[in-house]
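Notes for the one structure printed next.
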Amino acid sequence: MKAELTKKFSEIYGQEPTQHYFTPGRVNLIGEHIDYNGGLVMPCAVTLGTWLVLAPNNEKVIRFKSLNFEEEATIELKPSYTKTGPEWFNYPLGVFNELLKDHDIPTGLDLLFYGDIPIGSGLSSSASIEVVMAYALNDYFNLGLERIQIPLLAQKVENEFIGVNCGIMDQFAVAFGEANKAIVLNCDTLKYKIVDCNLGDYLLAIINTNKPRKLAESKYNERVAECKTALSELNQEITLNNLCELNSEKFALHSHLISDETVLKRATHVIKENDRVNLAAKALNDGNLPEFGRLMYASHQSLKDLYEVTGAELDAVVEFCNDYEHVIGARMTGAGFGGCAIALLKKGQEEDFAKKLTDFYVDRIGYPAAIYISEIGNGASAI
Ligand code: ADP
Ligand code: MG
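For the sequence shown, the residue numbers in the UniProt record's numbering are 1 to 383.
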């Protein structure tokens, strides 16, 4: 890939690139709809992601080009920027804007991006492009950012410049992921542990349902509001900042305070899912991959029945996986209502899996899903 991108860069810009960087996308292995409830999530970096190849120019401009999009831009180097519109280059432009508040960018740059990760499907290509840009500028200009500042800055760009109200998980995972490790991250305190996640004979299959995520935003906001309602009702008796301060046993003592049946279902998912992350970390620690897989299925079931964020497409994928003998665990990943599912698939079965799943899915849903094979990879780096 490096050689191909070098060649492309030279064709486009008429000069050789001086730097190459890569930042992965991420999947959340377990712990879904937990980040805004102050609990535990378990993301890992994947081996698909975003490349950035660059060289300085003498014209005091930033040139943005992506092999994934037609739009391109040449923007003068200025002390600050505002969002130009919906174009993709606002993601890296927002990183410049944020960094320019405290740092000097001394020269113009020619930039070429390329992502082999599905874009807009819940694998966090947005965090990937933000972090690769921040990592590259910090590295190339020796800006001296502390490690944690990179994901925090990238999150700020997504929240304030782009206007998407995401938590820290995605930027954190793509910056700090490690091969064959998962991150157990407390979304409230930002304390985290890197844990061994040796998949042994298994791979990560990532299945993009290809369902347009039309409802995603409004339904997501609805779930956030429902969790808030649960929290304020529980706070009649106890003092909580987040739902995930309760484990299942403590929750059972106070759940009668939640008046609405739907809200009770949502809160029950959150509490149990948070418990499942602890159980999943223990399963990994014990090297018990089948138990980990079982928890993935349980997570999906809860997201389907209690949280109601799956939909026919994600359910079809997980139903297929459940019946397929070479998968030991599967679940939706991301916010749901479309997007991607992940499965732990036995090595060597990739082709058979793809063929049978495609037949099943087309028959059930009417159009194909896209299947990607990945391992657990490393976070942001120069390459
Ligand atoms: P997700 O993060 O789930 O992939 P988002 O909608 O949050 O989806 O972010 C996708 C957006 O990020 C794209 O529409 C584009 O603006 C930007 N982006 C991601 N990867 C690239 C890339 N390789 N080149 C250009 N823009 C990209
Ligand atoms: Mg995103």
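The beta carbon of each residue, even a glycine, is placed where N, CA and C say it ideally should be.
Keep in mind the model is a prediction, meaning the values are calculated, not measured.
- Ranked by Cα distance from Thr23, the options His33, Cys44, Tyr36 and Phe96 are led by Cys44.
- Taking the C-beta atoms as reference points, Glu273 is found no nearer than 8 Å to Glu72.
- Distances from the CB of Ile383 to the heavy atoms of ligand 1 are all 7 Å or more.
- Taking a cut-off of 8 Å on C-beta distances, the stretch 330-337 touches the stretch 307-320, as three or more cross pairs fall below it.
- In terms of Cβ geometry, Ala154 and Gln171 form a close pair [threshold 8 Å].
- Where Phe141 is concerned, there is no enclosing beta strand (DSSP E), because DSSP gives it neither an H nor an E.
- Met1 carries a coil assignment under DSSP once its states are collapsed to helix, strand and coil.
- Within 7 Å of the C-beta of Ser124 there is at least one heavy atom belonging to ligand 2.
- Remark: the shortest separation between the CB of Ala127 and any heavy atom of ligand 2 falls under 7 Å.
- Relative to ligand 1, Ile168 has its C-beta separated by 7 Å or more from all heavy atoms.
- Here the C-alpha atom of Phe251 lies approximately 33 Å from the C-alpha atom of Ser121.
- Distances between the C-beta of Val41 and the heavy atoms of ligand 1 are all 7 Å or more.
- Sorting Cys187, Lys156 and Leu295 by C-alpha distance to the C-alpha of Val41 places Cys187 at the top.
- In terms of Cβ geometry, Asn378 and Glu98 do not form a close pair [threshold 8 Å].
- Look at Gln301 here: in three-state DSSP terms it is helix.
- Put simply, the backbone Cα of Glu245 is about 10 Å away from that of Leu231.
- Using a cutoff of 7 Å, the CB of Gly200 does not count as near ligand 1, since none of the ligand's heavy atoms is closer than that.
- Given a length threshold of 3 residues, each whole run of the beta strand (DSSP E) inside the stretch 147-222 is given here in chain order: 181-186, 192-196 and 202-208.
- The DSSP-derived three-state label of Phe22 is strand.
- For the options Thr209, Leu303 and Ile371, the alpha carbon positioned closest to that of Arg364 is the one of Thr209.
- Inter-residue distance for Arg26 and Thr262 is about 30 Å (C-alpha atoms, whole angstroms).
- Pairing Lys101 with Lys78, the inter-Cα distance amounts to about 11 Å.
- Residues Thr23, Val131, Tyr135 and Ala175 of the same chain have their beta carbon placed closer than 6 Å to that of Ala380, with the five preceding and five following residues left out of the count.
- Taken through DSSP and simplified to helix, strand or coil, Phe320 comes out as helix.
- Inter-residue distance for Ile371 and Ile207 is about 5 Å (C-alpha atoms, whole angstroms).
- Burial state of Ile129 is buried, judged by a 10 Å Cβ sphere holding 16 or more other Cβ atoms.
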